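Down below is the structure, laid out as structure tokens.
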Amino acid sequence: MFRFQKTALAAIAALLSAGAVHAQVSFDSARVAAKDTVALAKFYEAAFGMQEVNRIQNPGGTEVFVNFGATVEEAKANKNPVLVLFHRDNDDLKDPIPHIIFKVKDMNSVVAALKAAGGTMEREPFSFGKTGIVIGLAIDPVGNHVELIQRP
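Structural data, given as structure tokens:
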């Protein structure tokens, strides 16, 4: 996994060094899937303080958009990228690649909230070398991977 992370970091660094060529590209959102997206949205509210900002009823199921904010209004006004909870037919599919990466200020309190909301830790928080960075690897209630990063 660390080999993958190092490779991913190198790729990101190369993209960033491309400079002006990619100046018009920015991160829009992240997407994870669940059979019951409404229930999964409640997990992200309880574990991370996110609020539902939009909901689309598709023929296959409900798509829920969540973002950070103390209230729904604050979350809707938040200009940061959203997390899209996309419908899938079942939760049997387990994908080993982390799809969501959250920066956290207090790893211990976030891990406690995540566990209380029904998530689990795949790997408890650990120091990433001598960088001062702490990383925790979590799994939401339907199997999506969530990486938590606390920077010094």
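As numbered in the working numbering, residues 10 to 161 make up the sequence shown, in order.
Cβ atoms here follow ideal geometry from the backbone N, Cα and C, with glycine treated the same way.
Just so it is clear, the structure is predicted and the values come from calculations on it, not from any experiment.
Item, Value
"Integer Cβ distance of Asn87 from Phe77, believed to fall under 8 angstroms", "6 angstroms"
"Beta-bridge pairing of Glu54 - partner residues as DSSP gives them", "According to DSSP, Glu54 bridges with nothing at all."
"Where the beta strand (DSSP E) through Asn63 begins and ends", "Met59 to Asn67"
"Of the residues Thr80, Met59 and Asp98, the one placed nearest Pro68, counting alpha carbons only", "Asp98"
"Per DSSP, cross-strand counterpart(s) of Thr80", "DSSP output for Thr80 lists no bridge partner at all."
"C-alpha distance - Asn89 paired with Ser38, whole-angstrom precision", "9 angstroms"
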